[in-house]
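First up is the structure itself, then whatever we jot down about it.
Number of protein chains: 4
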Amino acid sequence: MTPPKDRSRTDKRERILAAAVKVFAERGFYNAKVSQVAAEAGVADGTIYLYFKNKDDLLISAFEDRMSWINSRLTNELETRQPPVDRLRRFFAMHLLLAVHSRDLAEFITVELRQSARFIKEYKNPKFAEYLNILRGLIVEGQQQGAFRRDVDARIVTRALFGMLDEVMLTLVLSRKTPTEEQVAFYVDQLEKVVLQGLLLNPDAS
Amino acid sequence: MTPPKDRSRTDKRERILAAAVKVFAERGFYNAKVSQVAAEAGVADGTIYLYFKNKDDLLISAFEDRMSWINSRLTNELETRQPPVDRLRRFFAMHLLLAVHSRDLAEFITVELRQSARFIKEYKNPKFAEYLNILRGLIVEGQQQGAFRRDVDARIVTRALFGMLDEVMLTLVLSRKTPTEEQVAFYVDQLEKVVLQGLLLNPDAS
Amino acid sequence: MTPPKDRSRTDKRERILAAAVKVFAERGFYNAKVSQVAAEAGVADGTIYLYFKNKDDLLISAFEDRMSWINSRLTNELETRQPPVDRLRRFFAMHLLLAVHSRDLAEFITVELRQSARFIKEYKNPKFAEYLNILRGLIVEGQQQGAFRRDVDARIVTRALFGMLDEVMLTLVLSRKTPTEEQVAFYVDQLEKVVLQGLLLNPDAS
Amino acid sequence: MTPPKDRSRTDKRERILAAAVKVFAERGFYNAKVSQVAAEAGVADGTIYLYFKNKDDLLISAFEDRMSWINSRLTNELETRQPPVDRLRRFFAMHLLLAVHSRDLAEFITVELRQSARFIKEYKNPKFAEYLNILRGLIVEGQQQGAFRRDVDARIVTRALFGMLDEVMLTLVLSRKTPTEEQVAFYVDQLEKVVLQGLLLNPDAS
DNA sequence: TATGAATGAGAATTCATTCAT
DNA sequence: GATGAATGAATTCTCATTCAT
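Chains as they are written, first to last, in this note's numbering: chain A, 7 to 212; chain B, 7 to 212; chain C, 7 to 212; chain D, 7 to 212.
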């Protein structure tokens with residue numbers, strides 16, 4: 007019984023993508039060698055070029071594929087009837103939990119998205135835009151429902167919150183050992199205190 | 007009468023650093039060629055190696071030199087008797103104003119610090135640590151003086167605020183045209199609303 | 007009722023040869039990919055290796071097969087009782103008419119024979135030798151019958167005439183549009199004037 | 007006393023060109039490796055790319071440089087007051103003597119011009135065109151002065167004569183040993199008999 | 001010190017060929 | 001026989017770094 011061709015092809019493509027995520031996360035795009043990705047995937051160097059146009063394409067494909075997966079999980083998880091505040095908390099948690107459950111991927115996305123800032127901007131980046139849109143949707147909804155203040159631009163807040171999450175994830179990901187879920191919960195709690203309630207003890211006085 | 011040698015050396019070193027900041031900002035560290043930096047500095051390729059050990063050292067030196075300058079300006083500016091809240095505002099503003107007054111430098115720091123996340127972390131990064139320390143000092147002081155809430159870890163808040171500022175600066179820096187001071191003031195105002203007063207309209211209810 | 011195997015084999019081999027002629031003519035041997043030949047022939051890449059040892063063998067086989075065909079047509083056409091001069095004219099015409107009736111083949115032979123000058127010489131080339139022999143036979147016969155001058159070496163004349171025809175065919179084959187029979191007739195006429203009657207208006211004076 | 011920079015640069019460029027002519031002649035463009043050319047020239051691989059854009063450019067440059075040299079020698083030699091017939095003879099001789107005096111170059115030009123027929127046509131080839139123009143000038147002048155028949159197109163005759171010379175040179179160049187000047191003189195004599203006086207013993211009868 | 005030509009290690013990519021299905 | 005996915009050897013070209021001048 008031969009495996010269906012599509013299955014086999016898909017498997018190999020996926021193996022290469024997983025290897026790329028791992029190797030790019032470990033060494034960074036520019037220091038990673040295509041041959042290292044091939045070795046990690048257990049295929050010949052040339053095989054990579056059967057599935058991807060070149061090294062850049064491999065990076066972009068890995069990024070898009072993984073972001074798609076993240077976006078669809080987020081979308082599923084957040085399409086609840088819960089109040090916006092709870093969903094924003096959940097978003098924070100899911101963002102940071104990536105460092106617990108898929109450390110390679112967390113590192114890949116955190117480091118590569120930055121490493122390739124220009125690169126990725128130039129070639130557009132619809133999946134990342136989608137990610138930000140999900141976050142922005144939460145903010146806007148919260149504003150409409152009267153949960154969040156309306157005197158701030160949702161677009162700017164989105165960026166600010168993403169920056170926060172991203173930087174915190176970077177510290178998690180660069181630390182010697184993988185964080186636990188409890189540690190992540192603590193971080194989420196801290197971030198909420200800052201951005202939901204604000205740092206000021208006596209806001210009216212400000 | 008030739009200029010004092012030290013002066014001349016210093017000048018050339020500075021010219022190379024300025025060129026590195028510009029070229030690395032424009033093309034990214036890995037895509038920038040040493041010969042492009044040399045050309046921009048108006049020196050021969052080999053001359054760079056009289057002042058810096060190698061390309062990595064040039065990056066680190068440029069980063070540290072510029073961060074030192076930024077840190078000292080910050081320190082000067084913030085050693086006032088003003089209340090912590092005002093100083094935090096001032097910190098936000100100074101961070102983002104870099105995009106207005108030294109766009110190359112803002113881009114260099116934003117993009118390179120990311121691009122070289124691991125790289126720069128691995129080789130330690132005392133100047134960046136110092137920058138974060140200044141910010142943390144403001145938080146801690148605010149907490150001690152009763153202006154900021156005490157139930158958050160200053161270290162985490164520091165990271166979160168830095169991430170916010172960094173991400174917002176990235177958007178400023180990657181946009182087609184240099185922002186104005188007014189635009190930056192608007193951004194600062196928005197960020198303050200989020201992190202000082204909090205997003206929630208009715209915090210007690212949360 | 008399946009077709010006899012030999013027939014099927016022959017067909018496929020022939021399809022591959024035709025494809026090779028076409029693709030090698032279009033792109034040149036070194037720039038042509040085996041996979042392009044396979045695609046043109048409508049077979050899998052690997053199939054080519056069931057019929058030919060390797061890419062070189064495919065080139066040689068295509069060349070020999072086509073030259074055999076050309077030689078046999080020439081032999082048929084020229085085994086008449088016509089005077090040598092007329093047969094030489096006919097030879098010229100048949101050579102150049104290939105550009106009209108089998109442009110791919112004409113291009114393949116003209117360009118590849120040159121491209122592979124050494125290559126083909128090294129591996130011997132009996133079919134090409136046979137082609138030259140037919141031409142030489144005409145010269146020798148003409149000399150014996152007193153139609154052509156005897157104070158020239160038939161071998162050298164053969165080479166010279168072939169070079170002439172080959173170069174003229176190259177120009178025909180590289181021109182934008184396929185030449186017509188009339189154009190070819192004109193070229194033949196011109197070449198005859200040169201090599202049969204000579205360029206000199208007043209030969210005795212020379 | 008340092009050698010003038012231009013001198014040194016020119017020398018190295020020339021060494022690389024000479025090496026390219028030799029190696030390309032020996033192995034053909036596609037089978038020749040850039041590293042072989044570098045080794046032959048006694049420089050590092052990378053040095054070649056300081057003087058030439060890429061391997062193609064090296065081929066074209068070598069071809070153009072050598073053709074320029076040939077053209078200027080031809081021009082000098084042929085700008086005499088001698089009758090066209092003598093100058094045509096001289097042209098034949100000079101063409102073929104290349105095989106005696108610069109065997110590598112003769113082989114390079116003969117084989118590469120063919121090997122790269124398409125390649126060179128596509129990228130234009132002014133130096134080769136100039137060579138043909140010199141030859142055509144002789145024909146036309148001969149026609150104008152009444153030495154050569156006028157009922158042939160000089161352009162076609164030019165091509166035909168070049169093809170003859172080229173093919174004969176190919177045989178000289180591919181033979182085991184370098185021909186002598188005497189042998190070349192014999193070939194020239196044979197070619198003259200064919201194209202000046204014509205093959206026919208009794209032209210009027212034709 | 002300064003130069004910039006030269007170096008050569010290193011990496012991405014191609015493609016003829018193989019072989020399991 | 002036929003397929004075409006996989007292989008990996010081979011090659012071009014780049015560019016950080018060196019060093020003779």
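The beta-carbon is built from N, C-alpha and C at its ideal position, and this holds for glycine as well.
Is residue i close to chain B? Criterion is C-beta to C-beta, closer than 8 Å.
| i | result |
| --- | --- |
| Val158(A) | yes |
| Phe98(A) | no |
| Arg197(A) | It is worth fixing the name first, because residue 197(A) is Leu in this sequence and not Arg. Interface residue, yes. |
| Val40(A) | no |
| Thr177(A) | yes |
| Asp172(A) | yes |
Bridge partners for residue i per DSSP, in chain order?
| i | result |
| --- | --- |
| Phe154(A) | Leu206(B) |
Around the C-beta of residue i, are 16 or more other C-beta atoms found within 10 angstroms, so that it is buried, or is it exposed?
| i | result |
| --- | --- |
| Thr8(D) | With a pLDDT of 38 at Thr8(D), under the threshold of 50, the modelled position of this residue cannot be trusted; read the value that follows with caution. Label assigned to Thr8(D): exposed. |
| Ala211(B) | In this predicted model, Ala211(B) has a pLDDT of only 49, less than 50, meaning its place in the structure is not dependable; the value taken from the coordinates is given anyway. Exposed is the call here. |
| Lys130(D) | exposed |
| Ala135(B) | exposed |
| Thr234(C) | Residue 234(C) is absent from the model: chain C starts at 7 and stops at 212. |
| Asp172(A) | buried |
| Thr116(C) | buried |
| Ala38(B) | buried |
| Gln88(A) | exposed |
| Ala191(D) | exposed |
| Gln196(A) | buried |
| Glu198(C) | buried |
| Arg95(B) | buried |
For residue i, which residues from the same chain have a beta carbon less than 7 Å from its beta carbon, with the 5 sequence-adjacent residues on both sides left out?
| i | result |
| --- | --- |
| Leu141(B) | Phe97, Thr164, Leu167 and Phe168 |
| Met100(A) | Leu80 and Glu83 |
| Ala112(B) | Leu104, Ala105, Met175 and Val179 |
| Lys61(B) | Val40 |
| Val146(D) | Ala160 |
| Leu56(C) | none |
| Met73(B) | Lys133, Phe134 and Tyr137 |
Below 6 Å CB to CB, which residues in the same chain sit around residue i once its five sequence neighbours on both sides are set aside?
| i | result |
| --- | --- |
| Gln149(B) | Arg156 |
| Arg33(B) | none |
| Ala68(D) | Leu23, Ala26 and Val27 |
| Val91(D) | Ala153 |
| Val200(A) | none |
| Phe114(B) | Val27, Phe30 and Ala31 |
| Asp71(C) | Leu23 |
| Glu188(D) | none |
Leaving out five residues on either side along the sequence, give the residues of the same chain with a beta carbon under 8 Å from the beta carbon of residue i.
| i | result |
| --- | --- |
| Thr186(B) | Val106 |
| Val49(B) | Lys18, Arg21 and Ile22 |
| Ile54(A) | Ile22, Val40, Val43, Ala44, Ala47 and Leu64 |
| Phe184(D) | First, the amino acid is wrong: residue 184(D) is Thr here, not Phe. Contacts found: Ala105, Val106 and Arg109. |
Counting only beta-carbon atoms, is residue i nearer than 8 Å to chain A?
| i | result |
| --- | --- |
| Met73(B) | no |
| Gly143(B) | no |
| Glu187(B) | no |
| Val200(B) | yes |
| Gln121(B) | yes |
Does the beta carbon of residue i come closer than 8 Å to any beta carbon on chain C?
| i | result |
| --- | --- |
| Phe30(D) | no |
Using 8 Å as the limit for Cβ to Cβ distance, is residue i near chain D?
| i | result |
| --- | --- |
| Gln203(C) | yes |
| Glu85(C) | no |
| Leu102(C) | no |
| Pro10(C) | Low per-residue confidence applies at Pro10(C): pLDDT is 47, beneath 50, and the placement is therefore not dependable, though the value from the model is reported in the following sentence. Taking Cβ atoms only, chain D never reaches closer than 8 Å to Pro10(C), which makes this a no. |
| Gly152(C) | yes |
| Leu207(C) | yes |
| Phe58(C) | no |
Where in the stretch 48-115 of chain D do unbroken runs of the alpha helix (DSSP H), each at least 4 residues long, occur, reported from the N-terminal end onward? Counting only runs of 4 or more, we get 51-57, 61-84 and 90-107.
What are the start and end residues of each continuous alpha helix (DSSP H) run of 4 or more residues lying completely inside the stretch 137-204 of chain A, in chain order? Scanning the stretch 137-204 of chain A from its first residue to its last, the whole alpha helix (DSSP H) runs of 4-plus residues come out as 160-180 and 187-198.
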